[in-house]
Amino acid sequence: MAWGGRKYDAIVIGGGHNGLVAAACLGRAHRRVLLVEARDRLGGAAATAEILPGYRVSAVAHLLEGFPRRLERELKLGKHGLRYAARNIPTVALDRDGKHLLLPRSRKEFSAFAAHLPKDAVAYRDYISRLQTQAALVAPLFAEAPPKPGDAEALRQLLRRLVWRAELGGGATLRRLMRILPESIGDLLDAEFESPLLKGALAFDATLGGSEGPYAPGTAFRAVCREAMRMQGQGVRLPQGGMGSVVDALAAAVSAQRGEIRLGARVARILVEDGVAAGVEMEDGFIVRAPLVVSSAGPRNTLLELLGAARLETGPAMQLRAPAPGGTSAKVNLALEGAPQFAGLAPELHGARLVISPSLEELGHANAACREGDFASDPVMEVTIPSMSDGTLAPAGHHVLSVLVHHVPYDIEGGWPARREAFVQRVVRTLEHYAPGIGDLMIAGEILTPPDIETKYGLAGGDWHQGDVRLDRLFGFRPAPAFGRYGTPVPGLYLCGAGSHPGGGVTGLPGFLAAEVIAAETSVKRTSVGQLDEREPA
Ligand SMILES: Cc1cc2nc3c(=O)[nH]c(=O)nc-3n(C[C@H](O)[C@H](O)[C@H](O)COP(=O)(O)OP(=O)(O)OC[C@H]3O[C@@H](n4cnc5c(N)ncnc54)[C@H](O)[C@@H]3O)c2cc1C
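Just so we're aligned: 263 in our numbering is position 261 of the sequence shown, and the numbers increase by one with no gaps anywhere.
Written out as structure tokens, the structure reads:
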């Protein structure tokens, strides 16, 4: 794998799943690619970790929701070893009194739901049907690259297609969508439903991964966007062996295209010569040249640090600086020497996605605590027990539990070293309420606060989306209005991570769409420039 003396058409910075997708797709487009990853492991926030010998769990991201079938097929991920341990996983809203609520996926489940919540059943069916119609209208926008900033004709064409699709459905969907754009999910759900548990679970989904509370304007549209992202995928799935197995398959796809991967290779600087991208300088001073540099390291890191703010005009640099980054989700991964028993939960639902968000009020409290630099007294969270369906993750009869805690601050009052223990105790106390005795089963655990997720897994800011997904940071305005469509002010330098359209999640879409744009905007001939080593790596 010598990289001295080799020629590269493109250097991909970052071996998270988006960097890998971009590298594999550029390889398919006949580019000779070098991918450099700072850590000694691939995957970024899509990784499997061993918390104790024999106990493995998806370290950060744990559910595959929006990963497109098209990508899986084109990159032959099945052939490269990707398997699923569970598909179409249901969601259960856990109730404090054990009257848990299974969100229905079928007629039969809907009957049980209606028996449980007779007053909300019809409204729920209508809500889901409306959400899906609205999401289906915008879903194509998530599957294609947005128009170039300032390309009025491309924008006009896109809007014409959107309106045309909306008119096919009578126009009401688009009108309603426009009406809810500024609305909060809390107000919308309050107007439709009675059950606090149902409202808490639906609002949890709409706000997950973001920093906003349930009554923040724009969160009703976030629910539509999340559903539209889910539509890109194939239902909620658990990859066999955890998220790391998606990454292993992607790495094999890169190698199959003769792409080269370097681990422990941190880029310190993006080189620009005569105003265009010319390669990268590694931390140890080693220089690798290529006419295309494609970064998944987060837009702020890439442009303000690796490229240097001095190369940007003041306006675009300011756009990147605001809003301040900082993830709002934490992970607690546990190894258990037995099966946890969630009181009142049918045995076949122990493998479901379990949401603990008992009401809008409690979700709001968790958000308010997070904004004040604290965690909630009653944390809201999403729990999975992947070992229920995947026997490769833990010894027989033992389990791993993956807990995603929503609304946890990056900067905490008193500092994380002083508050970690109290945080875990709070999470375990909450779990104990629903699954009495779970604490006694714990034999090991790993806590990942937002700063840990950044330092241990390389996810910029520990932020699900490498930058917030406010209304003014979507589509062609993502990551910021000056940088839409994966391009940057430096010709030959592109972005391809979760900070770009269509945003975070293990979807591979930013990497895939960026590669499509790059392949269309650059010719192979232009990129076949030689690499000149200034010195061999240490
Ligand atoms: C707590 C939490 C739970 C989540 N759960 C889910 C979930 O269940 N399902 C889901 O779909 N999504 C989930 N997400 C979101 C998802 O994990 C991310 O959106 C996604 O992994 C981002 O992928 P990426 O490839 O764009 O970036 P990353 O995974 O951050 O990869 C970027 C890579 O670039 C490398 N890098 C950075 N700087 C340099 C440099 N200078 N030189 C070389 N390499 C560099 C990093 O080390 C890293 O490996 C979750 C996020 C969080 C925080």
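Just so you know, even glycine gets a beta-carbon here, dropped at the ideal spot from N, CA and C.
Straight-line gap, R75 to Q427 (C-alpha atoms, nearest Å): Here the alpha carbon of R75 sits roughly 43 Å from the alpha carbon of Q427.
Under the three-state DSSP convention, the category G441 falls into: Three-state result, G441: helix.
Validate contact between the region 475-482 and the region 63-77 using beta carbons, cut 8 Å, 3 pairs: Too few Cβ pairs lie closer than 8 Å, so no.
Short Cβ contact (7 Å threshold) for A1 with L28: Past the boundaries of the shown model lies residue 1; the chain is included only from 3 to 540, so the question cannot be answered.
Alpha-carbon spacing of A348 relative to V94, whole angstroms: Between the C-alpha atoms of A348 and V94 there is a straight-line separation of about 11 Å.
C-alpha distance - G340 paired with A114, whole-angstrom precision: Counting only the Cα atoms, A114 lies some 30 Å from G340.
Distance cut-off 6 Å: E456 Cβ against heavy atoms of ligand 1: Not one heavy atom of ligand 1 sits closer than 6 Å to the Cβ of E456.
Contact between the region 372-382 and the region 412-421 (3+ Cβ pairs under 8 Å): Segments in contact, yes.
Per-residue DSSP class, three states only, for Y57: DSSP places Y57 in strand when its eight states are reduced to three.
DSSP-derived helix/strand/coil call for H82: H82 carries a coil assignment under DSSP once its states are collapsed to helix, strand and coil.
CA-to-CA distance, L157 to P142, given in whole angstroms: Roughly 14 Å between the two C-alpha positions.
Environment of K121 [buried if 16+ CB atoms lie within 10 Å]: Exposed.
Any non-hydrogen atom of ligand 1 closer than 6 Å to I289 Cβ: At a threshold of 6 Å, I289 does not count as near ligand 1, since its beta carbon sits no closer than that to any of the ligand's heavy atoms.
Cβ shell of I187 (< 6 Å), same chain only, five flanking positions each side left out: Closer than 6 Å at Cβ, skipping near neighbours: A205, A208, P216, T221, A222, A225.
Rounded C-alpha distance that separates P547 from V23: Residue coverage of the chain in this structure runs from 3 to 540, which leaves residue 547 outside it and unanswerable.
Near ligand 1: V249 beta-carbon under 6 Å from a heavy atom: Residue side-chain check: V249 keeps its Cβ at 6 Å or more from all non-hydrogen atoms of ligand 1.
Spatial neighbours of F514 in its chain, beta-carbon cut-off 7 Å, leaving aside the 5 residues before and after: So the qualifying residues of the chain are V23, C27, L73.
Inter-residue CB distance, H571 and L210 (contact presumed, cutoff 8 Å): This structure cannot speak to residue 571, because the chain is shown only from 3 to 540.
Heavy atom of ligand 1 within 6 Å of A208 beta-carbon: Using a cutoff of 6 Å, the CB of A208 does not count as near ligand 1, since none of the ligand's heavy atoms is closer than that.
Close Cβ partners of E285 (< 6 Å) along its chain, the five nearest in sequence each way excluded: Result list for E285: R268, A270, in chain order.
Between the CA atoms of G353 and A51 - distance to the nearest angstrom: The alpha-carbon separation between A51 and G353 amounts to approximately 20 Å.
Unbroken alpha helix (DSSP H) run spanning T175, endpoints: Membership of T175 in the alpha helix (DSSP H) is indicated by the continuous run 174-182.
DSSP state of A267 mapped onto helix, strand, coil: In this structure, A267 counts as coil in the three-state DSSP scheme.
N- and C-terminal bounds of the alpha helix (DSSP H) containing L164: Counting along the chain, the alpha helix (DSSP H) containing L164 begins and ends at 154-170.
L265: CB within 6 Å of a non-hydrogen atom of ligand 1: Incorrect: L265 has no Cβ contact closer than 6 Å to ligand 1.
The region 498-505 contacting the region 468-477, beta-carbon criterion three pairs below 8 Å: Short answer: they touch.
Whole-angstrom distance between H401 and I182, CA atom to CA atom: Spanning the alpha carbons of I182 and H401 requires a straight line of approximately 42 Å.
Cutoff 6 Å; reference A299; Cβ partners in own chain excluding five residues on either side: Within the same chain, Cβ atoms closer than 6 Å to the Cβ of A299 are found at I15, G16, the five residues on either side in sequence being excluded.
Spatial distance of E538 from A61 (CA atoms): Interpretation of E538 is limited by its pLDDT of 34, a score under 50 that renders its predicted location unreliable; the figure taken from the coordinates is listed afterwards. Taking the straight line joining both Cα atoms gives about 35 Å.
P546 in three-state terms, based on DSSP: Past the boundaries of the shown model lies residue 546; the chain is included only from 3 to 540, so the question cannot be answered.
Which listed residue (A437, G310, L54) has its alpha carbon closest to that of I541: The chain is shown from 3 up to 540; residue 541 falls before or after that span and cannot be answered.
Exposed unless 16 or more other CB atoms sit within 10 angstroms - verdict on N335: With at least 16 other beta carbons inside 10 angstroms of its own, N335 counts as buried.
Heavy atom of ligand 1 within 6 Å of S213 beta-carbon: Exclusion of S213 from the 6 Å shell around ligand 1 follows from its C-beta lying no nearer than that to any non-hydrogen atom of the ligand.
CB of P493 within 7 Å of CB of V278, strictly: Yes.
Terminal residues of the alpha helix (DSSP H) in which A396 lies: That residue, A396, is in no alpha helix (DSSP H); it is neither H nor E in DSSP.
Of the residues R431, I455, V405, the one placed nearest G18, counting alpha carbons only: Here the closest residue by C-alpha is I455.
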